[in-house]
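Novice:
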Amino acid sequence: MTKIKTSLYSSAISVLPLNMAQIYHLVATLLLLCYIKLSSSELVQQQPLVLKYHNGPLLKGRITVNLIWYGKFTPIQRSIIVDFINSLNSDNAALPPTSSWWKTTENYT
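Written out as structure tokens, the structure reads:
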């Protein structure tokens, strides 16, 4: 039995001969991967701004809010509403304050 010496290069070449079905399968797989790559970039689209600023006056500074209680509220219900109103002022609010939601409007001034 004779041993044939093969190099890495010759063994890689021996793998290359493919039949027509294998070539078709390889090309189809590559095209599918390219399509998936292109279409996946379209999945995330830039969202339009929700708020539009129409160059009108904005409320700035300290604003007084007076609550008028219409109906019968329990102490717990009043507490929830008062806590929400207080959270509009970030100075004395628990985290996260409602005022953090309104930071969006700073982009329009």
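Residue numbers (the numbering used here): 98 to 206.
Here a beta-carbon is modelled for each residue, glycine too, at the ideal position from N, C-alpha and C.
The structure presented is a predicted model; accordingly, all values stated were derived computationally and were not measured.
How far does the alpha helix (DSSP H) with Ile173 in it reach, from first residue to last?
Specialist: First-last of the alpha helix (DSSP H) with Ile173: Pro172 to Ser184.
Novice: Indicate the three-state DSSP secondary structure (helix, strand or coil) for Val124 in the structure shown.
Specialist: If DSSP states are grouped into helix, strand and coil, Val124 belongs with the helices.
Novice: Taking the alpha-carbon of Glu203 as reference, which of His122, Ile120 and Tyr150 has the nearest alpha-carbon?
Specialist: Out of His122, Ile120 and Tyr150, Tyr150 has the C-alpha closest to the C-alpha of Glu203.
Novice: Candidates Leu123, Arg175, Tyr167 and Arg159: which alpha carbon is nearest Leu185's?
Specialist: If we check each option's Cα against that of Leu185, Arg159 comes out closest.
Novice: Cutting at 8 Å between CB atoms, please list the residues of its own chain near Lys168, excluding the five before and the five after it.
Specialist: One point to set straight first is that residue 168 is Gly, not Lys, in the sequence displayed. Once the five neighbours on either side are set aside, Gly168 has no close Cβ partner at all.
Novice: What whole-angstrom Cβ distance do Ile182 and Leu164 have, given they're in contact under 8 Å?
Specialist: Contact flag correct, Cβ pair sits at about 7 Å.
Novice: Comparing C-alpha positions only, which one of Val179, Leu128 and Gly153 sits nearest to Val162?
Specialist: The shortest C-alpha separation from Val162 is found at Val179.
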